[in-house]
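Undergrad: Quick one: the structure is below, questions incoming.
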Amino acid sequence: MINNQNIAFEDANPNPEYLIKSIAEQGYSLETSLADLMDNSISANASRIEVLIDFESEPFRLFLSDNGDGMTEEELSLNMRFPSCSPEQSRTPIDLGRFGLGMKTASFSQTRKFTVLSRKKGSSQYSGRTWDVDFLKENGWKIIVNSPNEIDELITQYQTLSIEYNKQFQDFSASTIVIWSGLYKFENYLSDSNRKRALQKEITEVTNDYLALVFHRFMEKDNAPLKIRINNTHVIPFNPFPENEKDFRQIEPRQRPFENDVIKIEGFVLPSRAMKESQSGLNNWTTKHRGLMDMEGLYIYRADRIILFGGWNGIIKKAPRLQLARLRVEVGNSVDHLLHLNVAKSQIVVPHELRNAFESYIEDLKYEAEREFYNRGIRKFSGQKSTENFQLFERNSSNKGSLLELNRNFPLIKALHSELNKEQISKLNLLLRMINTRVNNIRHVHEEKEFSGIEENDGLSIDDLKMNIEALLKDGWTKSVIKDTVMPHLGFIYTTLPEQIKELL
């Protein structure tokens, strides 16, 4: 204990090994760790990133390289420190970092030793730094400065592995290379026979799916789109909001100011056909290895990068009836501290002042998604309708959603039409219209419209309406009963009916 000017204090330097292992447990998985490294690559203006893993020898070795701006030795030394910048410092709108911890924590969540080699773009000389937990145990907070021979050996290993795999990038020159020496979560906790298979599955399926989704906007850019290579595969971007699909419906978007930024929320409802199509493999609704329920919920974009997707972040519970609902949220990187974005960039907390707005909007989205889900068994027509349709109901679009309507080509209805006289057909048309209106009122999608005189889709003219009202009066129906029980089910705004009809009532 030291006494200095009447203040007693003592050394409290943390144990390097324990601290490293503790800060590495920030909720990272292999795919989120790699995405965090790629954030640095994108912020450094990389257009090509490749991830290579040597599966044939243990400990496994993973290389992640990019053709970004690269770093001088001084910049590399600074960026390898804990942390390398303040989370409160101002950043450009396209900066994907926050804490200055990402590369270190993401790497230590998967390995106990990692090296970064870098050179400024246009330079031929790499510099290197290595964090090694075993070295820290013996030497305290010291980072290894790699020798030229060590750097050359690592570069040779990387280049050899890159050539061994197919689909190399043309004219690719790596500015920065991150090397993970050993993947302890696979080597320490899995049996010998399962390690390689588990790692291959994690990389080729889970990680590929994740990166295709998270970075899809960068890979879809018209100007210098990002390309990502994982061993033999080029990642194909996946946009969870296929707005080119005509029946992919948008709910009216909203936005509100939040501090010095604006948060925009947009709800979308997938068509019910997505439920069947998503089970058939490649489709526009889900990634290759995810289902609709995996992809239901919030998609939070921060500076064009998805930081959270799937589920509702505690606002509501996931449910099969909501699997057609997706909510896109756009935020900038200037409100990270207000959203409590974690180090792994995989979790946020919706602030109280925004939560009410989210809940209200999600209620509207739920309503639309549930309606689409429960109507999934109804046949939907596009273009010319077939006369060989044996569904009792068909679905037609309207500005309030899908309408259920009796199919006039249904064999029994068609047969009735052929057997009835003109007066009876008029009554049948009136009845069919009343049924259609009532059904859609129950489903809350019917919208009253003005009476135009002739309804082309059900053949109900002014004369038909007049004739049916007169027949009901003749049968003993009172005017008030017809007005209160028949007319509302025809779906017309009463004030728009012709005067001769109103006079009858």
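Numbering that gives the first Met the number 0 puts the first residue of the sequence shown at 0, with every later residue one more than the last. Backbone N, C-alpha and C fix where the C-beta goes; we use that ideal spot for every residue, glycine too.
Between the alpha carbons of S43 and S64, how many angstroms are there, rounded?
TA: A quick correction: the sequence has Ala, not Ser, at residue 43. Rounded to the nearest angstrom, the two C-alpha atoms are 12 Å apart.
Undergrad: Can you tell me which of the three DSSP states L116 falls into?
TA: Strand.
Undergrad: Give the C-beta separation of W130 and F113 to the nearest angstrom, bearing in mind that I take them to be a contact with Cβ-Cβ under 8 Å.
TA: At roughly 6 Å, the Cβ-Cβ gap stays under 8 Å, so W130 and F113 are in contact.
Undergrad: Let me make sure I understand the geometry here. Which of A324, I262, V50 has the alpha-carbon closest to that of L29?
TA: Nearest of A324, I262, V50 to L29, Cα basis: V50.
Undergrad: Could you tell me which residues DSSP pairs with H233 in its beta bridges?
TA: According to DSSP, H233 bridges with R228.
Undergrad: If you draw a straight line from the C-alpha of A343 to the C-alpha of S106, how long is it?
TA: Legend: pLDDT at A343 = 49, less than 50; position of this residue unreliable, value from coordinates given subsequently. Answer to the nearest angstrom: the Cα atoms are 11 Å apart.
Undergrad: Please say whether G309 and G296 have beta carbons closer to each other than 8 Å?
TA: Their beta carbons are under 8 Å apart, which means G296 touches G309 by this criterion.
Undergrad: If I150 and G181 are in contact, beta carbons under 8 Å, what's the gap, nearest whole angstrom?
TA: Not really, about 19 Å apart at Cβ, beyond 8 Å.
Undergrad: Terminal residues of the continuous beta strand (DSSP E) containing F8?
TA: Unbroken beta strand (DSSP E) run through F8: 6-8.
Undergrad: Of the residues M218, P270, Y209, which one's Cα is nearest the Cα of T286?
TA: The candidate whose alpha carbon is nearest that of T286 is Y209.
Undergrad: Just to confirm before moving on: does the CB-CB distance between I314 and I361 stay below 8 Å?
TA: Contact: yes.
Undergrad: Could you pull out every residue in the same chain whose Cβ sits closer than 7 Å to the Cβ of L212, ignoring the five residues on either side in sequence?
TA: Hits under 7 Å: F237, P239, T286, I305, F308.
Undergrad: Looking at the secondary structure, which residues open and close the beta strand (DSSP E) in which G101 lies?
TA: Premise fails: G101 lies in the alpha helix (DSSP H), 101-107, not in any beta strand (DSSP E).
Undergrad: I need the straight-line Cα distance from R118 to E371, nearest angstrom please.
TA: Those two C-alpha atoms are separated by around 54 Å.
Undergrad: Cα separation between P147 and L116?
TA: If you take the alpha carbons of P147 and L116, they lie about 11 Å apart.
Undergrad: Hey, would you say S108 sits closer than 8 Å to S32, going by beta carbons?
TA: Yes. Within cutoff.
Undergrad: Take S323 and list the residues in its own chain whose beta-carbon comes closer than 8 Å to its own, dropping the five residues that flank it on each side.
TA: Looking at the sequence shown, residue 323 is not Ser but Leu. Excluding residues within five positions, the ones whose Cβ falls inside 8 Å are V268, L269, P270, S271, A273, M274, L291, E295, A368, E371, F372.
Undergrad: Suppose the cutoff is 7 Å on Cβ atoms and the five residues either side in sequence are ignored; what does the same chain contact list for E276 look like?
TA: Cβ neighbours of E276 beyond the five flanking positions: N282, W284.
Undergrad: Less than 8 Å between C-beta atoms, sequence neighbours within five positions excluded: which residues of the same chain meet that for N230?
TA: Only V50, L51, I52, Y164, I202, T203 meet the Cβ criterion.
Undergrad: Find the nearest neighbour of R228 within the set E422, I48, M218, L18, judged by alpha-carbon distance.
TA: Of E422, I48, M218, L18, the residue nearest in Cα terms is I48.
Undergrad: Over the uninterrupted alpha helix (DSSP H) stretch that includes R80, give me the two end residues.
TA: Per DSSP, R80 belongs to no alpha helix (DSSP H) and is neither H nor E.
Undergrad: Quick check: what's the CA-CA separation for T495 versus K501?
TA: Taking the straight line joining both Cα atoms gives about 10 Å.
Undergrad: Does DSSP put R289 in a helix, in a strand, or in coil?
TA: Three-state DSSP puts R289 in coil, outside helix and strand.
Undergrad: Do you know offhand how far E16's Cα is from T110's?
TA: Looking at the two C-alpha atoms, the distance is approximately 13 Å.
Undergrad: I think I299 touches V261, with their Cβ atoms under 8 Å apart; what is that distance to the nearest whole Å?
TA: I299 to V261, Cβ: 14 Å. No contact.
Undergrad: Going by beta carbon distance, what residues of the same chain come within less than 6 Å of K226, once the five residues before and after it are set aside?
TA: Only R47 meet the Cβ criterion.
Undergrad: Can you tell me the Cα-Cα spacing of K379 and T436, whole angstroms?
TA: Legend: pLDDT at K379 = 47, less than 50; position of this residue unreliable, no value from coordinates given.
Undergrad: Quick check: what's the CA-CA separation for V485 versus N374?
TA: Their backbone Cα atoms lie some 26 Å apart in a straight line.
Undergrad: Considering just the uninterrupted stretch of the beta strand (DSSP E) at R111, what are its terminal residues?
TA: Looking at the DSSP string, R111 is not in any beta strand (DSSP E), and its letter there is neither H nor E.
Undergrad: Flag this pair as yes or no: are the beta carbons of L36 and V234 separated by less than 8 Å?
TA: Taking 8 Å as the Cβ cut-off, L36 and V234 do not qualify as a contacting pair.
Undergrad: Please confirm if R47 has its CB atom under 8 Å from at least one CB of chain C.
TA: As a matter of chain content, chain C is missing from the structure shown, which is built from one protein chain.
Undergrad: I think N406 touches L391, with their Cβ atoms under 8 Å apart; what is that distance to the nearest whole Å?
TA: Indeed, because the Cβ distance is near 6 Å, the residues count as touching under 8 Å.
Undergrad: Which stretch, first to last residue, makes up the alpha helix (DSSP H) that contains K413?
TA: Its alpha helix (DSSP H) spans residues 410-418.
Undergrad: Based on Cα-Cα distance, which residue from A318, A302, K426, R354 lies nearest to G331?
TA: If we check each option's Cα against that of G331, A302 comes out closest.
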